[in-house]
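Participant: My structure is below; once you've seen it, I'll send some questions.
There are 2 protein chains.
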Amino acid sequence: MERATLRDVARLAGVSVATASKALNGQPQVRASTRERVMQAASQLDFSPNTHAQALITQRTGTVGLLTSDLEGRFSIPILMGAEDAFGTGQTSVFLCDARGDSIRERHHLRALLSRRVDGLIVVGARPDSRPSLGRDLPVPVIYAYAPSEDPADLSLVSDNEGGGRLAVDHLIRTGRRRIAHITGDATYGAAQDRARGALDRLAQEGLEVAGGEVWFGMWSEAWGRGATRMLLERCPDVDAIFAGSDEIARGVVDVLHEERLDVPEKVAVVGYDNWTILAANARPPLTTIDLNLEQLGRVAAQRLFAAIGGTLGSGVEKFPGKLVTRESTAPLR
Amino acid sequence: MERATLRDVARLAGVSVATASKALNGQPQVRASTRERVMQAASQLDFSPNTHAQALITQRTGTVGLLTSDLEGRFSIPILMGAEDAFGTGQTSVFLCDARGDSIRERHHLRALLSRRVDGLIVVGARPDSRPSLGRDLPVPVIYAYAPSEDPADLSLVSDNEGGGRLAVDHLIRTGRRRIAHITGDATYGAAQDRARGALDRLAQEGLEVAGGEVWFGMWSEAWGRGATRMLLERCPDVDAIFAGSDEIARGVVDVLHEERLDVPEKVAVVGYDNWTILAANARPPLTTIDLNLEQLGRVAAQRLFAAIGGTLGSGVEKFPGKLVTRESTAPLR
DNA sequence: CGATCTGCCGAAAAGGTTTTCAGGAACCTA
DNA sequence: TAGGTTCCTGAAAACCTTTTCGGCAGATCG
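These protein sequences, in sequence, are chains A and B.
Residues 1 to 334 in the numbering used here are what the first sequence lists, from first letter to last.
Residues 1001 to 1334 in the numbering used here are what the second sequence lists, from first letter to last.
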């Protein structure tokens, strides 16, 4: 199927290309009847304007690049969806590039995106710790999402892990729990530290200590959730709530509690983190958990970027609160 | 940072734009020393060619659209990665669009992609059953992946579910199992039917019937896996292997077997489907499962598309075999 | 009736690159 | 020395659209 150009439309409508252009773009200096004729011709030919010619002249492409480092990971996807959503029915399309965690490949993709004259960039890191900046003197605005940039002059949007930890513990306290433990992942992750800090903070506010005497750092896996829970139960058999640093860990936790015939949530309440639905919703019982609200993060990133195109972006790190999703693994203590 | 154009490069190198273009594109009719000067100038100015101007003139954009209907779903991601990988270090970038299962939105995205003059399209369906064609008279080649097109004139790449079912049962037979049951998902899914057919086929070849007397269709969930296993054990307590239609279901299966103190794989072997790592690898024990090989599917889709650009594509449905991934949930019967 | 204004339309330039083609210079052959 | 090659280089057209600006026709006003 050959493509119609504006020339074809103009010819069919019996006007010049200039007029055709103005008619289709809603410019005022064209008579209603003429506009009608042009529109008619355009739809008859199934005309759609060549965005490359438009880009060339307007200096705007209506595209943004999304540079991620972990596509397989579950974090970039919701952000991507949020961004796609915000650009959505508008005229913006997104180029997706996965650097596979390789900085060479990242440079390569960056080059390609700049060559394509994207209007802006969203960079999504693989883990929630800070990552190297792409540099200061790029010709387009850049927003870092999920993983903040090391350079404070960049704008980064991250989720508020400390707040999330506080949220989880707050919920447990409200359901009447007092002996609350925290089993979480790799201590080298800033997110693990932040969540723990928030949790301890909220406990302290209530005059409580963490059950088991310490936060159990380990790995982001079900197996660690199981192992840590066994150790915890040995040291502190009367624990009445466990806040897990991820839904994976939480799955391991409920698994062992189940084995030990400690009813969830009757005896022990469990809160996960991430709201990774496949894990959280299918657990026995389904897990109360903290949702990172990544779609919102993606949406905001898109909006900020959009607003900044042509203009300038802010800088610094903005934190987005998570939200509590309650399921059956927590319930008021009777 | 202002962008350098070819004009700037040419001026700096003291040649015309025509020569600069030829030098940078490796055209032969330019003296080595001149080429060198131009390359020098280009890198000094950090020049990267405006792809829109190139697209306008060459009629090639070096972009493809990937139109998916379930981004959150786990199937489009590996395909996307495979495709990205194949285009990879080349000059092709991919536009990602998620139609959210809405055909209006799909038309809209299609329009946008055609307006951007993509060189080709990959359409990834939400479920492995056939889906409506995008139409025959599109100006670019289209490949349907995962979910085949309803129109046999289109080219579709799908995974071989029947072969997968056969593969799973074959493995169980080789480990000495004879009383093999099959618990799977929604019977309205072609994939469920195909996997079951393959499984029954391989059983028949061995002169065996399916344990429990029938294939247990139900839902793609852990809960169904649990429920079906309980029913199965009641009707057929001496079952020695269960082939689950998905890893989710398999998780439910091993869960109940564990409860019933039926050792996996000693007493009962379990095979899942999908190789959804987070589920399969973290199960107790880790699950043997069928990998759909979706990355390969994505890679092949990309290659086919690439080869077809300008030329023409084949048609029909091509099936890709899955592969068995053995973990600890199966072992030879002693 | 002449002058000014308003409303529509079209010619042309611009945006950055590739490609064709003509021409200039240097070299070789007879 | 004249004519023919071979190598390089540059001018210009083309791709498709947007936007500016000039012009023309008709209407309004004095």
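Think of the CB as a built atom: it goes at the ideal place given N, C-alpha and C, for glycine as much as any other residue.
Name the one or two DSSP bridge partners that Phe-1320 (chain B) has.
Facilitator: As a working note, residue 1320 (chain B) is residue 320 in the second sequence. In the DSSP output, where bridge partners are listed per residue, Phe-1320 (chain B) has B:Ser-1159.
Participant: Taking CB distances under 7 Å as the criterion, tell me whether Phe-1243 (chain B) reaches chain A.
Facilitator: Locating residue 1243 (chain B) in the second sequence gives position 243, where the first residue counts as 1. Closer than 7 Å: no.
Participant: Enumerated in chain order, which unbroken segments of the alpha helix (DSSP H) with a length of 4 residues or greater are wholly contained in the segment 205-282 of chain A?
Facilitator: You should have 222-235, 247-259 and 277-280.
Participant: Any residues in the segment 65-89 of chain A with a beta carbon nearer than 9 Å to a beta carbon of chain B? Which ones, in chain order?
Facilitator: Hits within the stretch, in order: Gly-65, Leu-66, Leu-71, Glu-72, Arg-74, Ile-77, Pro-78, Leu-80, Met-81, Glu-84, Asp-85, Gly-88 and Thr-89.
Participant: Step through the CB atoms of chain A and report whether any lies within less than 7 Å of the CB of Asn-1342 (chain B).
Facilitator: In the structure as shown, chain B starts at 1001 and stops at 1334, and residue 1342 (chain B) therefore has no counterpart that could be examined.
Participant: Hey, quick one: how far does the beta strand (DSSP E) through Phe-95 (chain A) stretch, first residue to last?
Facilitator: As a working note, residue 95 (chain A) is residue 95 in the first sequence. Start and end: 93-98.
Participant: DSSP three-state label for Gly-1198 (chain B), please.
Facilitator: Taking the first residue of the second sequence as 1, we reach residue 1198 (chain B) at position 198. Helix, per DSSP.
Participant: Examine chain A for any beta-carbon lying closer than 7 Å to the beta-carbon of Asn-1282 (chain B), and answer yes or no.
Facilitator: Here residue 1282 (chain B) refers to the residue found at position 282 when the second sequence is read from its first residue. Closer than 7 Å to some Cβ of chain A, the Cβ of Asn-1282 (chain B) qualifies, so yes.
Participant: Whole alpha helix (DSSP H) runs in the segment 1130-1191 of chain B with 4 or more residues, listed along the chain?
Facilitator: Taking only runs of at least 4 residues, the alpha helix (DSSP H) segments lying wholly in the segment 1130-1191 of chain B are 1161-1174.
Participant: Output yes if chain B places a C-beta closer than 7 Å to the C-beta of Pro-286 (chain A); else output no.
Facilitator: Reading the first sequence from its first residue, position 286 is the one you call residue 286 (chain A). With 7 Å as the cut-off, Pro-286 (chain A) does not count as an interface residue toward chain B.
Participant: Whole angstroms are fine: how far does the CA of Gln-1193 (chain B) sit from the CA of Leu-1155 (chain B)?
Facilitator: Numbered from 1 along the second sequence, position 155 holds the residue referred to as residue 1155 (chain B). Numbered from 1 along the second sequence, position 193 holds the residue referred to as residue 1193 (chain B). Their backbone Cα atoms lie some 22 Å apart in a straight line.
Participant: At least one CB of chain B closer than 7 Å to the CB of Phe-306 (chain A): is that the case?
Facilitator: Numbered from 1 along the first sequence, position 306 holds the residue referred to as residue 306 (chain A). Answer no: the Cβ-Cβ gap between Phe-306 (chain A) and chain B never drops below 7 Å.
Participant: What's the gap between the Cα of Gly-125 (chain A) and the Cα of Gln-205 (chain A)?
Facilitator: Residue 125 (chain A) sits at position 125 when you count from the first residue of the first sequence. Residue 205 (chain A) sits at position 205 when you count from the first residue of the first sequence. Those two C-alpha atoms are separated by around 33 Å.
Participant: Note down, in chain order, all residues in the segment 98-112 of chain A with a beta-carbon under 9 Å from any beta-carbon belonging to chain B.
Facilitator: Going along the segment 98-112 of chain A in chain order, one finds Asp-98, Arg-100, Arg-105, His-108, His-109, Arg-111 and Ala-112 with a Cβ nearer than 9 Å to chain B.
Participant: Contact criterion: CB-CB distance below 7 Å. Does Thr-1019 (chain B) meet it with respect to chain A?
Facilitator: Working through the second sequence from its first residue, we reach residue 1019 (chain B) at position 19. Taking Cβ atoms only, chain A never reaches closer than 7 Å to Thr-1019 (chain B), which makes this a no.
Participant: Within its chain, find whatever has a CB closer than 7 Å to the CB of Ser-246 (chain A); leave out the 5 residues flanking it on each side and keep chain order.
Facilitator: If you number the first sequence from 1, residue 246 (chain A) lands on position 246. Contacts found: Gly-185, Trp-220, Gly-272, Tyr-273 and Asp-274.
Participant: Give a yes or no on whether the C-beta atoms belonging to Tyr-212 (chain A) and Ala-181 (chain A) are separated by under 7 Å.
Facilitator: On the first sequence, residue 212 (chain A) is found 212 positions in, with the first residue counted as 1. On the first sequence, residue 181 (chain A) is found 181 positions in, with the first residue counted as 1. Checking the sequence shown, residue 212 (chain A) turns out to be Gly, not Tyr. Yes, the pair counts as a contact, with Cβ atoms nearer than the cut-off.
Participant: Taking Val-1094 (chain B) as the query, report the chain A residues whose CB atoms sit under 9 Å from its CB, ordered along the chain.
Facilitator: Reading the second sequence from its first residue, position 94 is the one you call residue 1094 (chain B). Those are Phe-95, Leu-96 and Cys-97, listed as they occur along chain A.
Participant: Would Ile-122 (chain A) pass as a contact of Leu-66 (chain A) if the rule is Cβ separation under 7 Å?
Facilitator: Walking along the first sequence from the start, residue 122 (chain A) turns up at place 122. Walking along the first sequence from the start, residue 66 (chain A) turns up at place 66. Yes.
Participant: Got a sec, what are the start and stop residues for the alpha helix (DSSP H) Gly-62 (chain A) sits in?
Facilitator: Position 62 of the first sequence, counted from the first residue, corresponds to residue 62 (chain A). Looking at the DSSP string, Gly-62 (chain A) is not in any alpha helix (DSSP H), and its letter there is neither H nor E.
Participant: For Gly-120 (chain A), which of helix, strand or coil comes out of DSSP?
Facilitator: What you label residue 120 (chain A) is simply residue 120 of the first sequence in a count that begins at 1. In the structure shown, Gly-120 (chain A) sits in a strand (DSSP, three-state: E or B).
Participant: Short check: CB of Thr-229 (chain A) to CB of Val-210 (chain A), under 7 Å?
Facilitator: Here the question's residue 229 (chain A) lines up with position 229 in the first sequence. Here the question's residue 210 (chain A) lines up with position 210 in the first sequence. For Thr-229 (chain A) and Val-210 (chain A), no; Cβs fall outside 7 Å.
Participant: Taking His-1171 (chain B) as the query, report the chain A residues whose CB atoms sit under 8 Å from its CB, ordered along the chain.
Facilitator: The residue you call residue 1171 (chain B) lines up with position 171 of the second sequence. Those within 8 Å of His-1171 (chain B) in chain A number zero; the least Cβ separation is about 25 Å.
Participant: Thinking Asp-1322 (chain B) and Gly-1163 (chain B) are a contact (beta carbons under 8 Å), I'd like their distance in whole angstroms, please.
Facilitator: Looking up residue 1322 (chain B) in the second sequence gives position 322. Looking up residue 1163 (chain B) in the second sequence gives position 163. The residue you asked about is not Asp; residue 1322 (chain B) is Gly in the sequence shown. At roughly 7 Å, the Cβ-Cβ gap stays under 8 Å, so Gly-1322 (chain B) and Gly-1163 (chain B) are in contact.
Participant: Ignoring anything shorter than 4 residues or poking outside the segment 1032-1061 of chain B, list the alpha helix (DSSP H) runs there in chain order.
Facilitator: For the segment 1032-1061 of chain B, whole alpha helix (DSSP H) runs of length 4 or above, ordered along the chain, are 1032-1044 and 1051-1058.
Participant: Please report whether the beta-carbon of Pro-139 (chain A) lies at a distance below 7 Å from any beta-carbon of chain B.
Facilitator: Walking along the first sequence from the start, residue 139 (chain A) turns up at place 139. For Pro-139 (chain A), the answer is yes, since a Cβ of chain B falls inside 7 Å of its Cβ.
Participant: Hey, is the segment 1047-1066 of chain B in contact with the segment 1090-1110 of chain B, meaning 3+ C-beta pairs nearer than 8 Å?
Facilitator: Short answer: they touch.
Participant: Taking any Cβ of chain A, which residues in the segment 1113-1129 of chain B have a Cβ under 7 Å from it, in chain order?
Facilitator: Here the close residues are Leu-1114, Ser-1115, Arg-1116 and Arg-1117.
Participant: Going by beta carbon distance, what residues of the same chain come within less than 8 Å of Leu-347 (chain A), once the five residues before and after it are set aside?
Facilitator: The structure shown does not extend to residue 347 (chain A), since chain A is modelled only from 1 to 334, so the question has no answer here.
Participant: Restricting to Cα atoms, I'd like to know which of B:Ser-1033, B:Ala-1302 and B:Asn-1282 is closest to Arg-1328 (chain B).
Facilitator: Here residue 1328 (chain B) is taken as the residue at index 328 of the second sequence, counted from 1. The amino acid occupying residue 1328 (chain B) in the given sequence is Glu; Arg does not appear at that position. Ranking B:Ser-1033, B:Ala-1302 and B:Asn-1282 by Cα distance to Glu-1328 (chain B) puts B:Asn-1282 first.
Participant: Consider the Cβ of Arg-3 (chain A): report whether some Cβ of chain B lies at a distance smaller than 7 Å.
Facilitator: As a working note, residue 3 (chain A) is residue 3 in the first sequence. Answer yes: the Cβ-Cβ gap between Arg-3 (chain A) and chain B drops below 7 Å somewhere.
Participant: So Ile-290 (chain A) is in the beta strand (DSSP E); what residue range does that whole segment cover?
Facilitator: For the purposes of this step, residue 290 (chain A) is identified with residue 290 of the first sequence, where counting begins at 1. Run containing Ile-290 (chain A): 288-291, per the beta strand (DSSP E) assignment.
Participant: Name, please, each residue of chain A whose Cβ falls closer than 7 Å to the Cβ of Ser-1048 (chain B).
Facilitator: Locating residue 1048 (chain B) in the second sequence gives position 48, counting from the first residue. Near Ser-1048 (chain B) (Cβ distances below 7 Å), the residues of chain A are Arg-111, Leu-114 and Ser-115.
Participant: Could you name the residues of the same chain whose beta carbon sits closer than 8 Å to that of Pro-285 (chain A), not counting the 5 residues immediately before and after it, in chain order?
Facilitator: For the purposes of this step, residue 285 (chain A) is taken as residue 285 along the first sequence, with counting starting at 1. Closer than 8 Å at Cβ, skipping near neighbours: Val-254, Val-264, Pro-265, Arg-327, Glu-328 and Ser-329.
Participant: Please look up how many angstroms separate the CB atoms of Gly-1165 (chain B) and Arg-1197 (chain B), rounded, as I've assumed it's under 8 Å.
Facilitator: Your numbering for residue 1165 (chain B) matches position 165 in the second sequence. Your numbering for residue 1197 (chain B) matches position 197 in the second sequence. That pair is a contact at about 7 Å.
Participant: Just mark Arg-304 (chain A) as buried or exposed, buried being the case when its beta carbon has 16 or more other beta carbons within 10 Å.
Facilitator: Residue numbering aside, residue 304 (chain A) sits at position 304 when the first sequence is read from its first letter. Flag for Arg-304 (chain A) reads buried.
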